[in-house]
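Here is the structure we will look at.
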Amino acid sequence: MKNLLLNMSCMEELVEKFTYDEEIEEWVVGIKKVISNGKPTDLFKISGNNGSRSRVKVNFWGLLAKQYSVKIQDRTIISFRLARTSVPSIRFNNPNDIVHSVELTVGASTIVTVHEIKFEKSVIDMTQIKTVKIEDINTADGLCYIEGYLKDSFSKATAFGGSYGNGVLVEDEHKISLRLTEFDKAKVKFVVGNHLRILGSPLVHPELVTEISIRHLSDITKTEAEEKNARELRRSGLKTPKRKHDGEGEMGSAAKQSPFDN
Numbered sequence: 206m207k208n209l210l211l212n213m214s215c216m217e218e219l220v221e222k223f224t225y226d227e228e229i230e231e232w233v234v235g236i237k238k239v240i241s242n243g244k245p246t247d248l249f250k251i252s253g254n255n256g257s258r259s260r261v262k263v264n265f266w267g268l269l270a271k272q273y274s275v276k277i278q279d280r281t282i283i284s285f286r287l288a289r290t291s292v293p294s295i296r297f298n299n300p301n302d303i304v305h306s307v308e309l310t311v312g313a314s315t316i317v318t319v320h321e322i323k324f325e326k327s328v329i330d331m332t333q334i335k336t337v338k339i340e341d342i343n344t345a346d347g348l349c350y351i352e353g354y355l356k357d358s359f360s361k362a363t364a365f366g367g368s369y370g371n372g373v374l375v376e377d378e379h380k381i382s383l384r385l386t387e388f389d390k391a392k393v394k395f396v397v398g399n400h401l402r403i404l405g406s407p408l409v410h411p412e413l414v415t416e417i418s419i420r421h422l423s424d425i426t427k428t429e430a431e432e433k434n435a436r437e438l439r440r441s442g443l444k445t446p447k448r449k450h451d452g453e454g455e456m457g458s459a460a461k462q463s464p465f466d467n
């Protein structure tokens with residue numbers, strides 16, 4: 206894969222291709238320490254896209270992590286030249302994510318340009334977002350509301366080198382897993398039995414059951430519905446939503462072409 210060098214005209218063309226579902230996302234806020242060669246090392250990692258259906262992971266290590274973690278925020282547009290490409294470890298690559306098979310690592314010789322222009326998400330008319338039953342979640346297209354009782358409270362889950370908040374919502378006999386990106390256990394006050402209204406996007410996996418992706422804690426609200434106790438919820442949520450038939454999933458539609466798609 207060739208290193209990317211985008212001029213302003215190319216950037217503007219790419220920005221025009223972005224849609225809400227293809228925004229630059231999954232940024233890691235701040236940096237964290239990881240063990241490399243037996244020593245703790247700073248790591249700043251991001252995922253971004255250039256208007257394609259897939260994303261690419263970019264890693265900044267050591268001093269570069271400290272330097273760029275304060276410069277790069279959500280919706281930042283970046284150009285890379287002379288970044289090193291490599292195949293990531295399988296244990297850090299979720300096979301259900303639409304992520305390119307190679308990742309970029311920024312080194313001392315890499316030319317990184319952080320552009321002043323930012324990607325602006327299209328304005329969403331919140332009044333047009335529909336409320337979908339959990340059993341019908343696979344019919345939802347993009348953002349939607351779901352409602353139900355919290356059967357399993359939010360707890361930290363780790364997978365493929367990242368972490369998120371995980372819980373379970375039930376509505377009568379159906380259940381769905383909740384995947385909260387912005388997770389801080391101390392800030393989550395919802396408990397088992399709360400009736401919640403959630404704004405999120407379905408994560409439809411080809412082989413696994415569908416989950417709901419929730420970007421922010423503020424996208425979850427407690428309703429005025431009467432609460433239930435764990436005993437009352439014991440027999441609720443014994444079924445998961447039916448998956449779409451082959452060919453009807455997210456990847457069934459025509460994908461946009463980009464350097465990452467080749």
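For what it's worth, the numbering used here labels the leading residue of the sequence shown as 206, then goes sequentially.
Cβ atoms here follow ideal geometry from the backbone N, Cα and C, with glycine treated the same way.
Name the two residues that bound the continuous beta strand (DSSP E) containing residue i.
{"i": "residue 416", "result": "416 to 419"}
{"i": "residue 252", "result": "244 to 253"}
{"i": "residue 407", "result": "400 to 408"}
{"i": "residue 309", "result": "308 to 311"}
{"i": "residue 427", "result": "425 to 427"}
{"i": "residue 285", "result": "281 to 286"}
{"i": "residue 317", "result": "316 to 323"}
{"i": "residue 290", "result": "289 to 291"}
Quick check on the burial criterion: 16 or more other C-beta atoms within 10 angstroms. Buried or exposed for residue i?
{"i": "residue 247", "result": "buried"}
{"i": "residue 421", "result": "exposed"}
{"i": "residue 337", "result": "buried"}
{"i": "residue 245", "result": "exposed"}
{"i": "residue 440", "result": "exposed"}
{"i": "residue 345", "result": "buried"}
{"i": "residue 277", "result": "buried"}
{"i": "residue 288", "result": "buried"}
{"i": "residue 348", "result": "buried"}
{"i": "residue 428", "result": "exposed"}
{"i": "residue 286", "result": "exposed"}
{"i": "residue 309", "result": "buried"}
{"i": "residue 252", "result": "buried"}
{"i": "residue 415", "result": "buried"}
{"i": "residue 411", "result": "exposed"}
{"i": "residue 469", "result": "Beyond the ends of the chain as shown, which are 206 and 467, falls residue 469; an answer cannot be given."}
{"i": "residue 255", "result": "buried"}
{"i": "residue 434", "result": "exposed"}
{"i": "residue 361", "result": "exposed"}
{"i": "residue 262", "result": "buried"}
Would you say residue i and residue j are within 7 Å of each other, going by their C-beta atoms?
{"i": "residue 375", "j": "residue 442", "result": "yes"}
{"i": "residue 388", "j": "residue 372", "result": "no"}
{"i": "residue 322", "j": "residue 282", "result": "yes"}
{"i": "residue 311", "j": "residue 290", "result": "no"}
{"i": "residue 249", "j": "residue 274", "result": "yes"}
{"i": "residue 358", "j": "residue 396", "result": "yes"}
{"i": "residue 432", "j": "residue 398", "result": "yes"}
{"i": "residue 385", "j": "residue 419", "result": "yes"}
{"i": "residue 324", "j": "residue 260", "result": "no"}
{"i": "residue 356", "j": "residue 413", "result": "no"}
{"i": "residue 446", "j": "residue 340", "result": "yes"}
What are the start and end residues of the alpha helix (DSSP H) that includes residue i?
{"i": "residue 268", "result": "267 to 274"}
{"i": "residue 436", "result": "435 to 438"}
Touching or not, the segment 327 to 336 and the segment 380 to 390, by the rule of three or more beta carbon pairs under 8 Å?
-> no
Every unbroken beta strand (DSSP E) inside the segment 331 to 398 [3 residues or more] = 349 to 364, 367 to 376, 379 to 385
Just checking, does the segment 399 to 415 make contact with the segment 339 to 358 on the three C-beta pairs under 8 Å criterion?
-> yes
Touching or not, the segment 269 to 278 and the segment 302 to 322, by the rule of three or more beta carbon pairs under 8 Å?
-> yes
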